[in-house]
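Since the structure comes first, as structure tokens, the remarks are kept for the end.
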Amino acid sequence: MNDYETRQEARRERMRNKAARLRAEAERRHATSDDLGRVMQGQPILVGHHSEKRHRRDIEKMHTNTRKAIEATDEAKRLEAAAARVGSGGISSDDPGAVAKLQAGLATMERQRDQAKQINAYWRKHSTLRGFPDMRDDTAARIDATMQSQQEPGAPWVPDKHKVYPGYFFQNLGANIRRVRDRIKELESRPDPETASPTPAIEGPGYKITEHPEENRIWWEFDTKPDRPTCQLMRRYGWRWSPTRVVWLRHLNNAGRDAIAYTRRALEGKQSPGLTALGI
677 MNDYETRQEA RRERMRNKAA RLRAEAERRH ATSDDLGRVM QGQPILVGHH SEKRHRRDIE
737 KMHTNTRKAI EATDEAKRLE AAAARVGSGG ISSDDPGAVA KLQAGLATME RQRDQAKQIN
797 AYWRKHSTLR GFPDMRDDTA ARIDATMQSQ QEPGAPWVPD KHKVYPGYFF QNLGANIRRV
857 RDRIKELESR PDPETASPTP AIEGPGYKIT EHPEENRIWW EFDTKPDRPT CQLMRRYGWR
917 WSPTRVVWLR HLNNAGRDAI AYTRRALEGK QSPGLTALGI
């Protein structure tokens, strides 16, 4: 397990732990509400009696605990679902194995494209897919039936009805192949964090900016806690607060380096000569 996968697992575990705490809180509040209900046992409010205020207070407590138990359960379900999704949203550029995973996905798409071309050529030549290499007879029969029904008189219009795989299939697949190839080139062009020479830090009035290739992040550290307008400005320029590192972060890429210049100008109100050192 590499460092990225370790961080993903830690994030998943934090969500699961918080969900478990919320479920425990929900059970506790349900128990409190049940206890209050058993004490009252359907007793009506005695208006004017000395017990009226306490009775109404207990009813309100029972309703509050029930409501908060439901809210805690809903939040626990949301966190459990989010924990299950961690790592399933695609291939992150932070993953050291991103290039290998993208190359594997690219190879799969290229095989899919080549097979689709072969299937179209086989159908064009034989008007059936029976006998196509490695295709089951029932699969071939199902596709044959679909293709034949599309070509019957009065059949609904479909694009490229004489092809098993229509033109838009190849257009979409080709676009995805080009996108993945471009991303692989971008990742391969990044300097190796183990061999890259360190970039000098940028220091300004009350802050310091450093690059961390091993994390693929730019760190923006303030000497003291920034005020609310400064935090809003940082978010406006795409910086995200990291409570674990106690710094503001952006991805280490051209967009992140550009954000340094824009953010400094907004903070200092002028172009900073120190940006020349980073080629910004």
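Going by my numbering, the letters in the sequence shown line up with residues 677 to 956, in that order.
C-beta: ideal position from N, C-alpha, C; glycine also.
Are three or more beta carbon pairs between the region 838-849 and the region 772-792 nearer than 8 Å?
yes
With distances taken from CA atoms, which of W895, W924, R754, G763 is nearest C907?
W924
CB contact flag (I860, V775, <7 Å):
yes
Three-state secondary structure (DSSP) at W915?
coil
Report the partner residues of Y680 according to the DSSP bridge assignment.
Answer is none; Y680 lacks a bridge partner.
Status (buried if at least 16 other CB within 10 Å, exposed otherwise) for S709:
buried
Distance between A700 and A931 (C-alpha atoms, nearest Å)
43 Å
Candidates M691, L778, D820, Y883: which alpha carbon is nearest E944's?
Y883
Taking only three categories from DSSP, how would you classify E828?
coil
Can you list, in chain order, the residues of its chain with a C-beta nearer than 7 Å to that of W917? Leave out the 5 residues immediately preceding and following it.
W924
When the Cα of I936 is compared with those of D734, M910, V922, which residue comes out closest?
M910
Where do the ends of the beta strand (DSSP E) carrying R893 lie?
893-898
Given a threshold of 16 other Cβ atoms within 10 Å of its Cβ, counted over all protein chains shown, does P829 qualify as buried or as exposed?
exposed
For G914, which residues in the same chain have their Cβ closer than 7 Å to its Cβ, ignoring the five residues on either side in sequence?
R926, A935
Rounded to the nearest angstrom, how far is the Cβ of G713 from that of M738, given a contact under 8 Å?
6 Å
Could you tell me which residues DSSP pairs with Y883 in its beta bridges?
G880, F898
If we ignore side chains and look at the alpha-carbon of each, how far apart do V723 and A707 end up?
28 Å
Straight-line Cα distance separating E681 from R904:
34 Å
Per the contact definition of three or more C-beta pairs closer than 8 Å, is the region 883-901 in contact with the region 804-819?
no
Taking Cβ positions only, does D750 come closer than 7 Å to chain D?
Considering every chain present, this structure includes no chain D. It has just one protein chain.
In its own chain, which residues sit with a C-beta less than 6 Å from the C-beta of P835, not counting the 5 before and 5 after it?
P842
Beta-carbon gap between A702 and T749 smaller than 7 Å
yes
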